[in-house]
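First up is the structure itself, then whatever we jot down about it.
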Amino acid sequence: MRVGKTATSVLLAGALVGTNGEEGARGVSGFGADGGWQSTEVAPPGVEAVRREENVGFGMEETPNGRIVGAVGNYVIANWIKGSDDISVVHDLATGAVRATAPCRAEETEYDVDVPSPGNFAEVPPALSPDGRYLVKGGNVFDLRTGKGRCTDSGEGARKISLAAVGDDGVAYGLAGEDAPRTPVSVSVATGAAKPLPEATSTPNAITGGAGVFVTYAGTDSMRLIVLGPKN
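Residues in the sequence shown are numbered from 123 upward in steps of one, following the numbering used here.
So, in C-alpha coordinates, the structure goes:
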(Lines of atoms letter the chains of each structure in order from A and count residues from 1; the text may use other names and numbers.)
(Lines give C-alpha, C1' and ligand atoms only; values in the text may rest on other atoms or scores of the structure.)
Protein backbone atom coordinates (compact mmCIF):
# COMPACT_ATOMS: atom_id res chain seq x y z
CA MET A 1 0.00 0.00 0.00
CA ARG A 2 1.33 3.43 -0.89
CA VAL A 3 0.09 6.50 0.87
CA GLY A 4 0.05 9.51 -1.41
CA LYS A 5 -1.31 13.01 -1.15
CA THR A 6 -4.59 12.17 -2.82
CA ALA A 7 -5.04 8.41 -2.92
CA THR A 8 -4.14 5.07 -1.42
CA SER A 9 -4.15 1.70 -3.18
CA VAL A 10 -3.48 -1.89 -2.13
CA LEU A 11 -2.76 -4.80 -4.48
CA LEU A 12 -3.66 -8.15 -2.93
CA ALA A 13 -4.29 -11.51 -4.59
CA GLY A 14 -4.64 -9.78 -7.96
CA ALA A 15 -7.35 -7.39 -6.74
CA LEU A 16 -6.83 -3.65 -6.51
CA VAL A 17 -8.40 -2.06 -3.45
CA GLY A 18 -8.34 1.73 -3.44
CA THR A 19 -9.39 4.67 -1.34
CA ASN A 20 -9.53 8.33 -2.31
CA GLY A 21 -9.12 11.46 -0.25
CA GLU A 22 -6.43 13.55 1.33
CA GLU A 23 -3.71 11.84 3.34
CA GLY A 24 -4.50 11.97 7.03
CA ALA A 25 -8.26 12.32 6.52
CA ARG A 26 -10.15 11.33 9.67
CA GLY A 27 -11.31 7.94 8.52
CA VAL A 28 -13.29 9.06 5.47
CA SER A 29 -13.12 8.86 1.68
CA GLY A 30 -14.45 5.40 0.87
CA PHE A 31 -12.78 2.37 -0.69
CA GLY A 32 -13.53 -0.79 -2.62
CA ALA A 33 -12.25 -3.62 -4.81
CA ASP A 34 -11.73 -2.96 -8.49
CA GLY A 35 -14.61 -4.57 -10.37
CA GLY A 36 -16.20 -5.82 -7.15
CA TRP A 37 -17.58 -4.33 -3.97
CA GLN A 38 -17.56 -0.78 -2.60
CA SER A 39 -17.35 0.39 1.01
CA THR A 40 -20.80 2.00 0.77
CA GLU A 41 -22.17 -1.55 0.46
CA VAL A 42 -20.28 -3.09 3.40
CA ALA A 43 -20.50 -0.52 6.20
CA PRO A 44 -20.27 -2.07 9.70
CA PRO A 45 -23.52 -2.28 11.72
CA GLY A 46 -24.55 1.10 13.12
CA VAL A 47 -22.16 3.03 10.87
CA GLU A 48 -23.25 5.45 8.17
CA ALA A 49 -21.95 4.38 4.76
CA VAL A 50 -22.07 8.01 3.59
CA ARG A 51 -21.44 10.87 5.99
CA ARG A 52 -23.46 14.08 5.58
CA GLU A 53 -22.06 17.32 6.96
CA GLU A 54 -22.98 20.96 6.57
CA ASN A 55 -20.22 22.96 4.91
CA VAL A 56 -20.65 26.71 5.35
CA GLY A 57 -20.96 28.32 1.95
CA PHE A 58 -21.35 25.01 0.11
CA GLY A 59 -24.38 23.46 1.75
CA MET A 60 -24.69 19.79 2.66
CA GLU A 61 -21.74 17.61 1.61
CA GLU A 62 -21.81 13.83 1.30
CA THR A 63 -18.59 11.87 1.78
CA PRO A 64 -18.18 8.09 1.66
CA ASN A 65 -17.12 6.73 5.02
CA GLY A 66 -14.15 4.41 5.59
CA ARG A 67 -10.43 4.57 4.81
CA ILE A 68 -7.94 1.73 4.29
CA VAL A 69 -5.07 1.75 6.78
CA GLY A 70 -3.48 -1.65 6.22
CA ALA A 71 -3.69 -5.02 4.51
CA VAL A 72 -2.52 -8.56 5.21
CA GLY A 73 -3.39 -11.94 3.71
CA ASN A 74 -6.93 -11.83 2.34
CA TYR A 75 -7.98 -8.89 4.52
CA VAL A 76 -7.92 -5.12 4.54
CA ILE A 77 -8.13 -3.00 7.69
CA ALA A 78 -10.07 0.26 7.54
CA ASN A 79 -10.95 3.12 9.86
CA TRP A 80 -14.58 4.18 10.02
CA ILE A 81 -16.32 7.03 11.82
CA LYS A 82 -19.21 5.90 14.02
CA GLY A 83 -21.02 8.93 15.39
CA SER A 84 -18.36 10.93 17.20
CA ASP A 85 -16.06 7.91 17.61
CA ASP A 86 -13.61 5.96 15.46
CA ILE A 87 -13.63 2.21 14.95
CA SER A 88 -11.26 -0.06 13.05
CA VAL A 89 -12.65 -2.89 10.97
CA VAL A 90 -11.22 -5.98 9.29
CA HIS A 91 -12.86 -6.62 5.90
CA ASP A 92 -12.72 -9.73 3.72
CA LEU A 93 -10.87 -8.86 0.53
CA ALA A 94 -13.07 -10.94 -1.78
CA THR A 95 -16.46 -9.70 -0.57
CA GLY A 96 -15.85 -6.68 1.68
CA ALA A 97 -17.70 -8.47 4.48
CA VAL A 98 -16.94 -7.33 8.02
CA ARG A 99 -14.88 -9.95 9.87
CA ALA A 100 -14.08 -8.12 13.11
CA THR A 101 -14.25 -4.66 14.68
CA ALA A 102 -12.41 -2.80 17.45
CA PRO A 103 -13.67 0.38 19.17
CA CYS A 104 -10.69 2.57 18.29
CA ARG A 105 -8.78 4.05 15.39
CA ALA A 106 -5.86 2.20 13.78
CA GLU A 107 -2.81 4.00 12.42
CA GLU A 108 -1.93 3.87 8.73
CA THR A 109 0.92 1.60 7.66
CA GLU A 110 3.63 3.00 5.41
CA TYR A 111 4.34 0.28 2.86
CA ASP A 112 6.63 2.35 0.63
CA VAL A 113 9.71 1.94 2.84
CA ASP A 114 12.24 -0.52 1.38
CA VAL A 115 14.08 -1.43 4.59
CA PRO A 116 12.16 -1.14 7.88
CA SER A 117 13.68 1.09 10.52
CA PRO A 118 13.88 -0.16 14.12
CA GLY A 119 12.71 3.23 15.34
CA ASN A 120 9.51 3.73 13.35
CA PHE A 121 6.22 2.22 14.56
CA ALA A 122 4.52 3.10 11.26
CA GLU A 123 6.70 0.60 9.42
CA VAL A 124 5.32 -2.41 11.32
CA PRO A 125 2.68 -3.98 9.01
CA PRO A 126 -0.37 -5.95 10.17
CA ALA A 127 0.14 -9.66 10.89
CA LEU A 128 -1.90 -12.86 10.90
CA SER A 129 -1.47 -15.94 13.05
CA PRO A 130 -0.32 -19.01 11.06
CA ASP A 131 -3.80 -20.55 11.25
CA GLY A 132 -5.43 -17.31 10.08
CA ARG A 133 -7.66 -16.83 13.13
CA TYR A 134 -5.98 -13.81 14.75
CA LEU A 135 -4.90 -10.48 13.28
CA VAL A 136 -2.90 -7.65 14.84
CA LYS A 137 -2.53 -4.07 13.61
CA GLY A 138 -0.51 -1.63 15.68
CA GLY A 139 -2.03 -1.87 19.16
CA ASN A 140 -5.26 -3.49 17.95
CA VAL A 141 -5.95 -7.23 18.15
CA PHE A 142 -8.74 -9.09 16.34
CA ASP A 143 -10.25 -12.56 16.62
CA LEU A 144 -11.62 -13.27 13.15
CA ARG A 145 -13.59 -16.28 14.41
CA THR A 146 -15.59 -14.37 17.05
CA GLY A 147 -15.54 -11.00 15.28
CA LYS A 148 -14.24 -9.24 18.39
CA GLY A 149 -11.41 -6.73 18.40
CA ARG A 150 -9.68 -5.01 21.30
CA CYS A 151 -7.60 -1.85 21.66
CA THR A 152 -4.59 -2.66 23.82
CA ASP A 153 -3.12 0.84 23.98
CA SER A 154 -6.15 3.12 24.24
CA GLY A 155 -7.38 4.98 27.28
CA GLU A 156 -5.90 7.57 29.58
CA GLY A 157 -2.30 6.89 30.53
CA ALA A 158 -1.95 3.89 28.21
CA ARG A 159 1.42 3.37 26.53
CA LYS A 160 1.57 3.05 22.77
CA ILE A 161 1.94 -0.59 21.68
CA SER A 162 3.11 -1.84 18.30
CA LEU A 163 2.44 -5.55 17.77
CA ALA A 164 4.42 -7.38 15.10
CA ALA A 165 3.36 -11.03 15.42
CA VAL A 166 0.62 -13.27 16.82
CA GLY A 167 0.56 -17.02 17.37
CA ASP A 168 -2.14 -19.66 17.01
CA ASP A 169 -2.52 -19.54 20.81
CA GLY A 170 -3.87 -15.98 20.60
CA VAL A 171 -0.79 -14.37 22.15
CA ALA A 172 0.69 -11.40 20.30
CA TYR A 173 4.14 -9.87 20.72
CA GLY A 174 5.55 -6.41 20.26
CA LEU A 175 6.95 -3.32 21.96
CA ALA A 176 5.41 -0.70 24.23
CA GLY A 177 6.43 2.94 24.54
CA GLU A 178 7.58 5.53 22.04
CA ASP A 179 11.04 6.29 23.38
CA ALA A 180 14.00 3.95 23.84
CA PRO A 181 14.32 1.69 25.62
CA ARG A 182 10.95 0.26 24.67
CA THR A 183 9.39 -2.51 26.73
CA PRO A 184 8.83 -5.94 25.15
CA VAL A 185 5.27 -7.12 25.79
CA SER A 186 2.93 -10.00 25.14
CA VAL A 187 -0.78 -9.37 24.62
CA SER A 188 -3.74 -11.72 24.96
CA VAL A 189 -6.14 -11.36 22.03
CA ALA A 190 -8.94 -12.73 24.22
CA THR A 191 -8.63 -10.04 26.90
CA GLY A 192 -6.50 -7.29 25.34
CA ALA A 193 -4.29 -7.34 28.44
CA ALA A 194 -0.63 -6.48 27.91
CA LYS A 195 2.07 -8.19 29.99
CA PRO A 196 5.57 -6.66 30.24
CA LEU A 197 8.34 -9.13 29.45
CA PRO A 198 11.90 -9.13 30.85
CA GLU A 199 13.93 -6.22 29.46
CA ALA A 200 16.33 -8.45 27.53
CA THR A 201 13.54 -10.36 25.76
CA SER A 202 13.59 -10.36 21.96
CA THR A 203 10.04 -10.53 20.62
CA PRO A 204 9.39 -12.17 17.22
CA ASN A 205 8.81 -9.99 14.18
CA ALA A 206 6.74 -12.80 12.63
CA ILE A 207 5.43 -16.23 13.60
CA THR A 208 5.13 -19.05 11.08
CA GLY A 209 3.99 -22.62 11.54
CA GLY A 210 6.44 -23.95 14.13
CA ALA A 211 8.96 -21.08 14.15
CA GLY A 212 9.52 -17.48 15.09
CA VAL A 213 11.25 -14.95 12.84
CA PHE A 214 13.46 -12.34 14.50
CA VAL A 215 14.99 -9.26 12.87
CA THR A 216 18.28 -7.83 14.08
CA TYR A 217 19.76 -4.58 12.80
CA ALA A 218 23.28 -3.49 11.93
CA GLY A 219 22.77 0.23 12.32
CA THR A 220 19.52 1.39 10.75
CA ASP A 221 20.01 0.52 7.07
CA SER A 222 20.58 -3.24 7.06
CA MET A 223 19.05 -6.20 8.84
CA ARG A 224 19.47 -9.93 9.46
CA LEU A 225 16.70 -12.51 9.75
CA ILE A 226 16.94 -15.31 12.35
CA VAL A 227 14.44 -18.19 12.35
CA LEU A 228 14.11 -20.15 15.59
CA GLY A 229 12.03 -23.21 16.34
CA PRO A 230 10.20 -23.68 19.66
CA LYS A 231 13.13 -25.59 21.22
CA ASN A 232 15.66 -22.78 20.66
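Note that CB positions come from ideal geometry on N, CA and C, so glycine has one too.
For a quick check, are the C-beta atoms of residue i and residue j less than 8 Å apart?
| i | j | result |
| --- | --- | --- |
| Gly-331 | Leu-350 | no |
| Ala-115 | Val-263 | With the chain covering 123 to 354 only, the question about residue 115 has no answer from this structure. |
| Thr-323 | Pro-306 | yes |
| Gly-296 | Val-311 | no |
| Ala-298 | Ala-328 | no |
| Phe-153 | Ala-224 | no |
| Cys-226 | Asp-208 | yes |
DSSP puts residue i in a beta bridge; with which residues?
| i | result |
| --- | --- |
| Arg-255 | Arg-255 is not bridged to any residue. |
| Lys-270 | Thr-223, Asp-265 |
| Ala-249 | Val-258 |
| Ser-310 | Val-293 |
| Gly-334 | Ile-329, Leu-350 |
| Leu-285 | Gly-260, Gly-296 |
| Arg-173 | Thr-185 |
| Gly-192 | Ile-199 |
| Val-212 | Ile-199, Ala-222 |
| Pro-318 | Val-307 |
Which residues in the same chain have their Cβ closer than 6 Å to the Cβ of residue i, if we skip the five residues on either side of it in sequence?
| i | result |
| --- | --- |
| Ala-222 | Val-212, Phe-264, Leu-266, Gly-269, Gly-271 |
| Leu-250 | Val-194, Gly-195, Leu-257 |
| Lys-259 | Gly-192, Ile-199, Ala-228, Pro-248 |
| Thr-313 | none |
| Val-164 | Gly-218 |
| Glu-300 | Lys-282 |
Just tell me which of the options has its CA closest to the CA of residue i.
| i | options | result |
| --- | --- | --- |
| Glu-230 | Ser-284, Leu-250, Ser-251 | Ser-284 |
| Asp-156 | Pro-252, Val-309, Asp-207, Gly-218 | Gly-218 |
| Pro-326 | Asn-201, Arg-281, Ile-209, Val-309 | Val-309 |
| Glu-175 | Met-345, Ile-199, Ala-328, Gly-205 | Gly-205 |
| Ala-315 | Met-345, Cys-273, Tyr-339 | Cys-273 |
| Trp-202 | Ser-161, Met-182, Glu-183 | Ser-161 |
Using a Cβ-Cβ cut-off of 7 Å (strictly less than) and excluding sequence neighbours within five positions of residue i, which residues of its own chain qualify?
| i | result |
| --- | --- |
| Glu-170 | Asn-187 |
| Asp-275 | Gly-261, Arg-281, Lys-282, Ile-283 |
| Gly-146 | Here Gly-146 scores only 45 on pLDDT, less than 50, and its place in the model should not be relied on; the value that follows carries that caveat. Result list for Gly-146: empty, nothing under 7 Å. |
| Lys-317 | Val-307, Ser-308 |
| Leu-347 | Val-335, Val-337 |
| Tyr-197 | Val-212, His-213, Asp-214, Leu-215, Arg-221, Leu-257 |
| Gly-289 | Ser-251, Ile-329 |
| Val-246 | Ser-284, Ala-286 |
Closer than 8 Å by C-beta to residue i: which residues in its own chain qualify, once you throw out the five before and the five after it? Chain order, please.
| i | result |
| --- | --- |
| Trp-159 | Thr-217, Gly-218 |
| Gly-168 | Lys-204 |
| Glu-184 | Val-172, Arg-173, Arg-174 |
| Arg-255 | Asp-265, Leu-266, Arg-267, Asp-290, Gly-292 |
| Pro-166 | Trp-202, Lys-204, Ile-209, Val-211, Val-220, Thr-223 |
| Asp-236 | Note that Asp-236 scores 49 on pLDDT, short of 50, meaning its location in the model is unreliable and no value can be drawn from it. |
| Glu-321 | Pro-303, Thr-305, Pro-306 |
Confirm the yes/no value for this check: CB of residue i, any heavy atom of the ligand HEM, distance under 7 Å.
| i | result |
| --- | --- |
| Gly-218 | Ligands in the displayed structure: none, and consequently the ligand HEM is not present. |
Item to check | Touching by the beta-carbon criterion (3+ pairs, under 8 Å), the region 210–217 and the region 184–198 | outcome: Yes: at least three Cβ pairs fall under 8 Å.
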